[in-house]
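First comes the structure, then the notes that go with it.
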Amino acid sequence: MVKRRVHVAAAAIIREDGHVLLARRPSIVDQGGLWEFPGGKLAPYETGYEALRRELREELGIEILRAQPLIRVHHEYADKRILLDVWQVHDFEGEPFGREGQAVRWVPQAELNNYPFPEANHPILRAVCLPHEYLISDEEADDTVFLDKLERALRDDNIRLVQLRAKTLDDSAYLKRAEQALALCRRYEARLILNGDPALLDSIDADGIHLPSRVLMALKHRPLADDKWLGASTHDPQQLEQAAAIGCDFVTFSPVRVTPSHPGAAPVGWHDFQQLVETAGMPVYALGGVTRDDIDQARAVGAQGIATIRDLWK
Ligand SMILES: Nc1nc2c([nH]c(=O)n2[C@@H]2O[C@H](COP(=O)(O)OP(=O)(O)OP(=O)(O)O)[C@@H](O)[C@H]2O)c(=O)[nH]1
Ligand SMILES: [Mg+2]
Numbered sequence: 001m002v003k004r005r006v007h008v009a010a011a012a013i014i015r016e017d018g019h020v021l022l023a024r025r026p027s028i029v030d031q032g033g034l035w036e037f038p039g040g041k042l043a044p045y046e047t048g049y050e051a052l053r054r055e056l057r058e059e060l061g062i063e064i065l066r067a068q069p070l071i072r073v074h075h076e077y078a079d080k081r082i083l084l085d086v087w088q089v090h091d092f093e094g095e096p097f098g099r100e101g102q103a104v105r106w107v108p109q110a111e112l113n114n115y116p117f118p119e120a121n122h123p124i125l126r127a128v129c130l131p132h133e134y135l136i137s138d139e140e141a142d143d144t145v146f147l148d149k150l151e152r153a154l155r156d157d158n159i160r161l162v163q164l165r166a167k168t169l170d171d172s173a174y175l176k177r178a179e180q181a182l183a184l185c186r187r188y189e190a191r192l193i194l195n196g197d198p199a200l201l202d203s204i205d206a207d208g209i210h211l212p213s214r215v216l217m218a219l220k221h222r223p224l225a226d227d228k229w230l231g232a233s234t235h236d237p238q239q240l241e242q243a244a245a246i247g248c249d250f251v252t253f254s255p256v257r258v259t260p261s262h263p264g265a266a267p268v269g270w271h272d273f274q275q276l277v278e279t280a281g282m283p284v285y286a287l288g289g290v291t292r293d294d295i296d297q298a299r300a301v302g303a304q305g306i307a308t309i310r311d312l313w314k
């Protein structure tokens, strides 16, 4: 059987307080009763954004004023291949309601897991819950200097996702620093991701693990429970595939641009990066030579955002 191809535009409407608008599919349609991001199929000759605007008028009675790409997910159902082209809606006019009689609800991010979604939605839920900047901490010999810089980023730059990368510390110094960093991150409601061996979480109840690519490639299964975040460093298509195979929640991909920290590495550039992100099936942070000024560019080619040391660690 040749499967139908279905191209769908869908909206992640995220309110300032972090609540996300969900709609329930009527029980009589395909995937009935499940919750979804409002949207629908592209009509002939429509772009994704045009379809998004039309669908939200039809389904919710709102007019989009500003939206940005969030994630594109390719998924194979038993009867069709689907491309979900998901946009984050930042601003709209009108009060959304279930114009087709469907239930509509603003849901806090922390409660999204309680709602049954179609199978294809897993990466979308990840993308909705992750910020658009990922701070990777720099090597820092002194704990006090480290904590000062971390607090500055949390306080002044509003960073909410931090990876503790400290290759020069031995195990006990790393754990000590991780404990201090975790306490600080908790104060700012930021997530702390430890870099290295998943077993680190046995000692410290941080929010997740970031796998170096070497560790990623050696794994056969996801090494963490589902309630922790699993990230990985990737640099080529094989590593991206492996990250998807073991169920990573997100990855960094580098280098996208020329970076002074790795002058020998050939940057992939935005064009090829876009092709890689398209098939990644999970949120991808652009890394390597990128700054906060590149967030819109990164998102325009489908990335979750940017990851950086240099631009945020000061
Ligand atoms: N809108 C939307 N569709 C999704 C999501 N996840 C997901 O797998 N889908 C699938 O994408 C397809 C969207 O079709 P739809 O029924 O919304 O299409 P539509 O609004 O144009 O209505 P139509 O049935 O009149 O063509 C369905 O097969 C649905 O199961 C999601 O989060 N939002
Ligand atoms: Mg629909």
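When the letters of the sequence shown are read in order and numbered with UniProt numbering, they come out as residues 1 to 314. Here a beta-carbon is modelled for each residue, glycine too, at the ideal position from N, C-alpha and C. All values derive from a computational prediction rather than experimental measurement.
Proximity test, residue i beta-carbon vs ligand 2 heavy atom, cut-off 7 Å
i: glycine 208; result: no
Cβ-Cβ separation, residue j to residue i (assumed contact under 8 Å), whole Å
i: leucine 287; j: valine 256; result: 7 Å
i: leucine 161; j: alanine 190; result: 7 Å
i: proline 38; j: leucine 21; result: 7 Å
i: leucine 42; j: histidine 74; result: Not confirmed; about 15 Å, so no contact.
i: proline 283; j: leucine 130; result: 5 Å
DSSP state of residue i mapped onto helix, strand, coil
i: glycine 269; result: helix
i: isoleucine 295; result: helix
i: proline 116; result: coil
i: valine 6; result: strand
i: arginine 310; result: coil
i: histidine 122; result: helix
i: aspartate 85; result: strand
i: serine 137; result: coil
i: aspartate 202; result: helix
i: valine 104; result: strand
i: residue 341; result: No answer is possible for residue 341: the residues shown for the chain start at 1 and end at 314.
i: glycine 48; result: helix
i: phenylalanine 97; result: coil
i: serine 254; result: coil
i: leucine 169; result: coil
i: glutamate 63; result: strand
i: aspartate 91; result: strand
i: lysine 149; result: helix
i: glutamate 189; result: coil
i: threonine 234; result: strand
i: valine 20; result: strand
i: glutamate 301; result: Per the sequence shown, residue 301 should be read as valine rather than glutamate. DSSP places valine 301 in coil when its eight states are reduced to three.
Residue i classed as buried or exposed, judged by whether at least 16 other C-beta atoms fall within 10 angstroms
i: histidine 221; result: exposed
i: isoleucine 28; result: exposed
i: serine 233; result: buried
i: arginine 5; result: exposed
i: phenylalanine 92; result: buried
i: asparagine 195; result: buried
i: aspartate 227; result: exposed
i: threonine 279; result: exposed
i: serine 261; result: exposed
i: glycine 269; result: exposed
i: threonine 308; result: buried
i: histidine 210; result: buried
Near ligand 1: residue i beta-carbon under 7 Å from a heavy atom
i: proline 118; result: yes
i: valine 104; result: no
i: glutamine 109; result: no
i: isoleucine 82; result: yes
i: aspartate 30; result: yes
i: asparagine 195; result: no
i: valine 6; result: yes
i: glutamate 36; result: yes
i: alanine 10; result: yes
i: asparagine 113; result: no
i: asparagine 158; result: no
- [ ] Collect the residues with a C-beta less than 7 Å away from any heavy atom of ligand 2 and give them in sequence order along the chain.
- [x] Pro38, Gly39, Gly40, Glu55, Glu59
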